[in-house]
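Colleague: Residue numbers (my numbering): 104 to 267. Cβ atoms here follow ideal geometry from the backbone N, Cα and C, with glycine treated the same way.
Below is the structure:
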């Protein structure tokens, strides 16, 4: 084998073959392996969890609103008030729902904190997504009520007996 100017390899001796990879080639091979692996990890982590959150956030917000509104109605019924006879603008209602949304989750969160305002005052609490269980404090007539409820198999809200 002839040596050419600028050639840095030593000549092959005794007919042995060598496989030589330059430093730049090692860098590019590492780059082609590591970068796609990182992109795949990001795609199945934060990107997928954020897409799931955006899809489920309106449903979660509706469930929180139902939790608060139905409690207000049931509380009035326990007090002997016929809610159907109340004028429309005095009906119990939820004015706003603010959820503590995950910023960059690696997976869909199991617990969401929420707060907001209703016709009776402020409320706050937590919603356990997997168990479909609520725990919160709902103000009615400036008195906080600690409320626990869950969504039953039939889709209806089931309140804990200690909530009333």
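#1: Tell me, please, which residues DSSP counts as bridged to residue 183.
#2: Contact between the stretch 163-170 and the stretch 230-250: three or more CB pairs below 8 Å?
#3: Quick check: the Cα distance between residue 197 and residue 176, rounded to an integer number of angstroms?
#4: Cutting at 7 Å between CB atoms, please list the residues of its own chain near residue 180, excluding the five before and the five after it.
#5: Terminal residues of the continuous beta strand (DSSP E) containing residue 247?
#6: Which residue from 132, 254 and 210 puts its Cα closest to that of residue 150?
Modeller: The relevant details are as follows:
#1: Taking the chain shown and counting its residues from 1, one reaches residue 183 at position 80. Its beta-bridge partners do not exist; DSSP assigns none.
#2: yes
#3: One-based indexing of the chain shown puts residue 197 at position 94. One-based indexing of the chain shown puts residue 176 at position 73. Distance between the alpha carbons of residue 197 and residue 176 is about 12 Å.
#4: Within the chain shown, numbered from 1, the residue matching residue 180 stands at position 77. Within the same chain, residue 180 has close Cβ partners 186.
#5: Counting from one through the chain shown, the residue named residue 247 turns up at place 144. 246-254 is the extent of the beta strand (DSSP E) around residue 247.
#6: Translated into positions along the chain shown, residue 150 becomes position 47. Ranking the options by Cα distance to residue 150, first place goes to 210.
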